[in-house]
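*Asks:* Position in the sequence shown (from 1) plus 5 gives the number in this note's numbering. Using N, Cα and C, we set each Cβ at its ideal position, and we do this for glycine too. Because the structure is a prediction, the values reported are computed rather than measured.
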Amino acid sequence: MKAYVQLTLAQLRLFARNRQVLFWTLFFPVFFMILLGSFLGGDNAITLEGLVVNEDRSAGASELERQLLANPVLLSELADDRDSALQQLQDGDTQYVVVLPAGLGDAIEAGAGEAVVRLYTDDTNRTVSEVVTAAVSAQVDQISKSRTGYEPIVTVEAEGVQALNLRYIDFLVPGIVAMMIMSNNLNGVAGQIASWRERGILRRMQSTPLHAASFIGAQITARLLLNGLQAVIVVLIGQLAFGTQVNGSWLLLLGLIVMGTLAFMSIGFIIAGLAKTPESAGPIAGFVSFPLLFLGGVFFPIANMPDFLQPIVELLPISHLATGMRQVMNVGASLGDIWYDAALLGGWLIAAFVIASFTFKWE
6 MKAYVQLTLA
16 QLRLFARNRQ
26 VLFWTLFFPV
36 FFMILLGSFL
46 GGDNAITLEG
56 LVVNEDRSAG
66 ASELERQLLA
76 NPVLLSELAD
86 DRDSALQQLQ
96 DGDTQYVVVL
106 PAGLGDAIEA
116 GAGEAVVRLY
126 TDDTNRTVSE
136 VVTAAVSAQV
146 DQISKSRTGY
156 EPIVTVEAEG
166 VQALNLRYID
176 FLVPGIVAMM
186 IMSNNLNGVA
196 GQIASWRERG
206 ILRRMQSTPL
216 HAASFIGAQI
226 TARLLLNGLQ
236 AVIVVLIGQL
246 AFGTQVNGSW
256 LLLLGLIVMG
266 TLAFMSIGFI
276 IAGLAKTPES
286 AGPIAGFVSF
296 PLLFLGGVFF
306 PIANMPDFLQ
316 PIVELLPISH
326 LATGMRQVMN
336 VGASLGDIWY
346 DAALLGGWLI
356 AAFVIASFTF
366 KWE
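#1: Which same chain residues, not among the five before or five after residue 244, have their C-beta less than 7 Å away from its C-beta?
#2: DSSP beta-bridge partners for residue 81?
#3: Which class does residue 103 belong to by DSSP, given the choice of helix, strand or coil?
#4: Can you grab the Cα-Cα spacing for the pair residue 267 / residue 225, in whole Å?
#5: Is residue 126 helix, strand or coil by DSSP?
#6: Give the straight-line distance between the Cα atoms of residue 133 and residue 188, rounded to the nearest whole angstrom.
#7: Could you spell out the range, first to last residue, of the alpha helix (DSSP H) harbouring residue 269?
#8: What residue range is occupied by the uninterrupted alpha helix (DSSP H) comprising residue 328?
#9: Do you know offhand how far residue 147's Cα is from residue 109's?
#10: Ignore the nearest five residues each way along the sequence and tell me which others in residue 12's own chain have a CB closer than 7 Å to its CB.
#11: Nearest by alpha-carbon distance to residue 269: which of 280, 279 and 290 is it?
#12: Does residue 70 pass the burial test, meaning 16 or more other C-beta atoms within 10 Å, or should it be called exposed?
#13: Just verifying my parser: in three-state terms, what is the DSSP assignment at residue 355?
#14: Would you mind sorting residue 92 into buried or exposed? The rule is 16 or more other CB atoms within 10 Å of its CB.
#15: Under a Cβ-count criterion, where at least 16 other Cβ atoms within 10 Å of its own Cβ denotes burial, should residue 15 be classed as buried or exposed?
#16: Quick check: the stretch 183 to 201 against the stretch 269 to 283, are at least 3 beta-carbon pairs closer than 8 Å?
#17: Applying the 10 Å Cβ sphere with the 16-neighbour rule, what's the burial state of residue 125?
#18: Determine the DSSP secondary structure at residue 60, reduced to helix, strand or coil.
#19: Look at the alpha carbon of residue 162 and the alpha carbon of residue 80, and state the distance between them as a whole number of angstroms.
#20: Taking CB distances under 9 Å as the criterion, tell me whether residue 353 reaches chain B.
#21: Can you give me the Cβ contacts of residue 64 inside the same chain, cut-off strictly under 7 Å, excluding the 5 residues immediately before and after it?
#22: Mind reading off the beta-carbon distance from residue 261 to residue 330? Whole number of angstroms is fine, and I expect it under 8 Å.
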């Protein structure tokens with residue numbers, strides 16, 4: 006027990022003395038979070054900016070023009086002519102063009118169903134096209150109803166329900182924490198243990214009464230303390246800088262951090278056992294961690310990935326670590342809600358620990 010405590014304190018002192026590594030392992034995820042959060046962390050609402058061309062100038066067309074310009078959904082501006090407006094649409098400088106053609110006012114007054122409003126949208130952005138079409142159609146429909154005196158026999162009574170309004174930064178912060186846990190443990194353990202083996206440090210430890218369990222336990226404890234502190238710092242920075250929240254239990258969140266740390270540390274021990282030199286440990290760790298980084302749902306939802314990849318992605322440890330933390334932070338999920346993610350993460354932990362016990366070598 007005394008050896009375990011001394012080794013744990015020694016490992017923590019090594020972390021504290023290597024301030025450059027300590028700084029960059031914390032600074033990189035924080036920098037990444039601030040960078041992506043600043044550019045993509047807003048509400049991600051669709052912006053509809055377009056032009057209105059009034060070629061008729063009649064009272065009816067002018068009324069429709071005023072309503073289109075006053076519509077809070079459509080950020081419309083008045084354009085001088087159709088050709089220049091369409092050129093802006095083709096150049097990507099605007100998202101839609103509404104043309105009120107000559108004779109529109111007379112057609113509205115006649116009420117013969119011949120009044121046509123021309124709407125031009127960008128077909129390469131179907132989402133914006135559909136939203137604009139619906140908004141313009143609703144505005145034109147109001148004109149038709151007011152002119153014909155139409156009174157609907159069925160009405161819709163709207164009632165607001167408060168929904169879970171998540172931003173990209175709310176999705177990103179748990180993913181950044183998962184990325185940091187994977188990088189610090191998988192890459193860090195593999196490189197450090199391989200380096201110690203090459204320098205003969207592990208061989209000298211083996212010649213002492215030190216048990217392997219004490220050595221590995223000290224590594225685990227020191228890295229758990231370090232990762233827990235770093236994860237809390239990242240979450241707090243997310244709260245202060247972007248207003249993210251932990252709606253669930255902090256204890257459950259820390260439990261996921263512990264499980265993720267143990268799982269990726271065990272994988273790091275496997276890589277350290279397979280790597281013959283420190284120089285080869287880095288590329289092997291990168292070969293494992295790089296696909297996990299982009300396939301594990303760190304930066305974008307797993308549901309957006311191709312269908313054939315999703316069954317594979319669903320088995321990756323980082324995807325369940327990130328998903329579990331998102332559920333706790335954003336939804337306030339309990340252990341009963343994330344039991345599957347916790348169970349699969351625990352399965353990875355047990356399997357990797359068993360394999361690491363066979364591949365670990367003192368020299």
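*Replies:* By the coordinates alone:
#1: 250
#2: 55
#3: strand
#4: 7 Å
#5: strand
#6: Separation of residue 133 and residue 188 (C-alpha to C-alpha, rounded to the nearest whole angstrom) is 39 Å.
#7: 255 to 279
#8: 322 to 331
#9: 15 Å
#10: 219, 220 and 223
#11: 290
#12: Here residue 70 is buried. Its C-beta has 16 or more other C-beta atoms within 10 Å.
#13: Helix, per DSSP.
#14: exposed
#15: Label assigned to residue 15: exposed.
#16: yes
#17: The residue is buried, with at least 16 neighbouring Cβ atoms inside 10 Å.
#18: coil
#19: Residue placement at residue 162 cannot be trusted, given a pLDDT of 46 that sits under 50; the coordinates are not used to answer.
#20: No chain B is present in this structure, which holds just one protein chain.
#21: 110
#22: 5 Å
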